[in-house]
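**Q** In my numbering, the protein residues as written are 13 to 225.
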Ligand SMILES: [Zn+2]
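Right, dumping it as structure tokens:
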């Protein structure tokens with residue numbers, strides 16, 4: 013009876029010791045060798061792979077450099093179980109094998125570097141850069157086109173050179189072309205309108221006319 017107790021104690025003790033960890037670790041990369049950053053690595057199982065089921069849903073996340081560690085609770089009977097590692101819609105198979113793992117203080121470490129098939133996404137930073145560059149090109153093109161169009165007229169050329177042409181307006185009474193700043197004088201002198209009325213008339217007319225800029 014005492015021996016039986018001793019056996020039970022040994023079995024219990026060894027089962028506690030046997031609750032080791034099996035850690036899958038490595039780096040996750042794109043085909044161009046850049047790191048797959050901060051992506052989830054999730055364990056899935058083949059349909060009807062019941063021995064795999066206890067690991068199903070275990071997950072980890074890759075770090076800045078694409079490195080990852082997936083620590084699983086390991087029992088002796090787990091050797092040979094096939095796992096599926098799912099990353100960004102792609103899957104990788106891994107068979108739990110302590111023969112192919114390195115051992116440290118009773119824990120197992122299995123190195124598994126993963127390379128995805130898909131190309132890396134365009135990073136938000138470079139997308140922003142492209143967008144900004146496009147914006148500047150469009151603005152520049154717009155300015156260039158407008159400047160070019162202006163330079164096609166003699167008036168535009170003068171304006172471009174800093175010489176603003178004399179603004180002219182049409183006299184509402186005689187339909188004659190009059191320089192703007194001379195309209196009041198023209199109304200007074202040529203049409204005999206009292207100065208106050210001439211000023212008001214010209215002011216009214218200017219407020220209707222939009223400045224030609
Ligand atoms: Zn007139």
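Don't be surprised by glycine CBs; every beta carbon is placed ideally from N, CA and C. As the structure is a computational prediction, the values presented were derived from the model and not from experiment.
Can you list, in chain order, every residue whose CB sits closer than 6 Å to a heavy atom of ligand 1?
**A** 183, 185, 186, 188, 198, 202, 203
**Q** Excluding sequence positions up to five away, which residues of its chain have a Cβ less than 6 Å from the Cβ of residue 63?
**A** Translated into positions along the chain shown, residue 63 becomes position 51. Once the five neighbours on either side are set aside, the close Cβ partners of residue 63 are 93.
**Q** Considering Cα atoms alone, identify which of 100, 125, 196 is closest to residue 50.
**A** The residue you call residue 50 lines up with position 38 of the chain shown. Cα-wise, what sits closest to residue 50 is 100.
**Q** Just mark residue 150 as buried or exposed, buried being the case when its beta carbon has 16 or more other beta carbons within 10 Å.
**A** Taking the chain shown and counting its residues from 1, one reaches residue 150 at position 138. Classification of residue 150: exposed, given that the 10 Å Cβ count is below 16.
**Q** For residue 59 and residue 120, what's the separation of their Cα atoms in angstroms?
**A** Taking the first residue of the chain shown as position 1, residue 59 is located at position 47. Taking the first residue of the chain shown as position 1, residue 120 is located at position 108. Their Cα atoms are separated by approximately 26 Å.
**Q** Enumerate, from N- to C-terminal direction, the unbroken beta strand (DSSP E) stretches of 3 or more residues contained entirely within the segment 75 to 132.
**A** 79 to 86, 94 to 99, 102 to 107, 114 to 116, 119 to 123
**Q** Can you tell me the Cβ-Cβ gap for residue 122 and residue 36, rounded? I've got them flagged as a contact below 8 Å.
**A** Reading the chain shown from its first residue, position 110 is the one you call residue 122. Reading the chain shown from its first residue, position 24 is the one you call residue 36. Between residue 36 and residue 122 the Cβ distance is about 5 Å, and since that is below 8 Å, they are a contact.
**Q** What is the residue span of the beta strand (DSSP E) that residue 56 lies within?
**A** Locating residue 56 in the chain shown gives position 44, counting from the first residue. Start and end: 52 to 56.
**Q** Residues in its own chain within less than 7 Å of residue 74 by CB, not counting five upstream and five downstream?
**A** Residue numbering aside, residue 74 sits at position 62 when the chain shown is read from its first letter. Contacts found: 40, 48, 49, 50, 51, 53, 80.
**Q** Specify, as a first and last residue, the run of the alpha helix (DSSP H) that residue 197 falls within.
**A** For this step, residue 197 is matched to residue 185 along the chain shown. Run containing residue 197: 195 to 203, per the alpha helix (DSSP H) assignment.
**Q** Determine the DSSP secondary structure at residue 225, reduced to helix, strand or coil.
**A** Taking the first residue of the chain shown as 1, we reach residue 225 at position 213. Unreliable positioning characterises residue 225 in this predicted model, as indicated by a pLDDT of 46, which lies under 50. The coordinate reading is nonetheless provided below. If DSSP states are grouped into helix, strand and coil, residue 225 belongs with coil.
**Q** By the DSSP assignment, the beta strand (DSSP E) with residue 33 in it spans what residues?
**A** On the chain shown, position 21 is the one that residue 33 refers to. Residues 32 to 41.
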